[in-house]
Amino acid sequence: MTTVRDVREKAGTEPITMLTAYDATTAEIVDEAGIDVVLVGDSMGNTALGYDTTLPVTVEEVASRTAAVARATTDALVVADMPFLSVGVDEAESIEHCGRMLKEARADAVKLESGPHTVELTERLVELGIPVMAHLGLTPQRMKETGYGRQGTNRDEAHEILDLARQHEQAGAFSLVLEHVPSNLAEQVTQALSISTVGIGAGAECDGQVLVVDDVLGLSDRSPPFAKQFGNVREEMADAVSSYREAVEAGEFPAEEHGHVQEELEDLY
41 MTTVRDVREK AGTEPITMLT AYDATTAEIV DEAGIDVVLV GDSMGNTALG YDTTLPVTVE
101 EVASRTAAVA RATTDALVVA DMPFLSVGVD EAESIEHCGR MLKEARADAV KLESGPHTVE
161 LTERLVELGI PVMAHLGLTP QRMKETGYGR QGTNRDEAHE ILDLARQHEQ AGAFSLVLEH
221 VPSNLAEQVT QALSISTVGI GAGAECDGQV LVVDDVLGLS DRSPPFAKQF GNVREEMADA
281 VSSYREAVEA GEFPAEEHGH VQEELEDLY
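Be aware that the sequence shown starts at 41, since it is given in this note's numbering, and climbs by one per residue.
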């Protein structure tokens, strides 16, 4: 089983693989494929829950989905993504929400969309035994402020990201997600830290990579420019559903082998 220590110590040694999952079936497939980390991302808002953004996602929704993923996962590290305003407002509530993910949903760690406001919280969570994965660069929960564009594109922003990365490492974070930042910035952050970095739209020099599973499978109707589709499951699902509808309408399904006749029930009517 992959542990927090494993992810931390893979920095600079072997690539870390991470994918999102929001249900037991997907989590089982991802786990059996040998992925190191399963992230129960707040991206469930866009992919699984039908929201336009991640902002409406609740603690209860993340906890429920995390529990489903944890029940289906044997080897991968399960990380619960803390949703908008679930952390960073009140320390006691933040700790309670993060603690629920470990106590009730059986997550192994939590991920925080990070900033200056999460440094002390990270330290406190780690003190209490709640492992923290930090997240800098594009943080979608701040999309009302920053939009979805690339972050860290000037020297001031880049220095801020590097400084915050160091602060979260010192606070005890075991890993850092870098999203949609210049590749050369991600490379320098990776070199500056002893903990592992996991990139998404941050180039190849991070210690690992993460994508939304819907993008990997080809389920999304649109994907960000830094993602790659490794399959076309959306088309296969559409074909299967159409074939089912056609078989029912043609009277071809169910066939005799799909049912059962109990002989003593022949004369009921």
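The beta carbon of each residue, even a glycine, is placed where N, CA and C say it ideally should be. Please read all numbers here as calculations on a predicted model, not as lab measurements.
Asked	Found
Counterpart residues of glutamate 153 in DSSP-defined beta bridges	His175
Inter-residue spacing [alpha-carbon to alpha-carbon] between glycine 189 and glutamate 219	10 Å
Buried versus exposed, by CB contacts within 10 Å (16 or more), arginine 140	buried
Same chain, Cβ closer than 7 Å to valine 221, five either side skipped, listed in chain order	Gly177, Arg190, Gln191, Gly192, Ile201 and Ala242
Separation of tyrosine 284 from alanine 267, as counted between CA atoms	31 Å
Identified DSSP bridge partners for methionine 58	Val77 and Val250
Nearest neighbour of lysine 50, chosen from Val238, Ile135 and Asp92 [CA to CA]	Val238
Local conformation of valine 47 per DSSP, three classes	helix
Complete alpha helix (DSSP H) runs within the segment 194–264 (minimum length 4 residues, chain order)	195–211, 223–232 and 253–257
Per DSSP, cross-strand counterpart(s) of alanine 120	Val80 and Val150
CA nearest to the CA of arginine 48, picked from Leu216, Ser154, Glu72 and Asp121	Leu216
Selection from Thr65, Asn86 and Asp115 that minimises the alpha carbon distance to arginine 262	Asn86
Run of the alpha helix (DSSP H) containing histidine 300, from where it starts to where it stops	First-last for histidine 300: undefined, no H or E at that position.
Contact set for arginine 45: own chain, Cβ-Cβ below 7 Å, skip 5 residues either direction	none
Presumed contact (8 Å Cβ cut-off) between lysine 151 and methionine 183, rounded CB distance	Going by Cβ atoms, the distance from lysine 151 to methionine 183 rounds to 17 Å, so no, they are not a contact pair.
Contact check, alanine 149 vs alanine 112, beta carbons under 8 Å	no
Buried versus exposed, by CB contacts within 10 Å (16 or more), serine 236	buried
CB-CB length for glutamate 79 against valine 127, believed under 8 Å	Looking at the sequence itself, residue 79 is leucine, so the reference to glutamate does not match. Their Cβ separation, rounded to whole angstroms, is 16 Å, which puts leucine 79 and valine 127 out of contact at 8 Å.
Assigned exposure category for aspartate 76 - 16 Cβ within 10 Å defines buried	buried
Cβ pair alanine 244, histidine 208 closer than 8 Å	no
Alpha-carbon to alpha-carbon, glutamate 306 and valine 102	50 Å
Straight-line gap, alanine 108 to proline 96 (C-alpha atoms, nearest Å)	20 Å
Beta-carbon separation (whole angstroms), glutamate 136 vs alanine 211, contact threshold 8 Å	The Cβ separation is near 19 Å, so there is no contact.
Residue range of the alpha helix (DSSP H) that includes alanine 108	99–112
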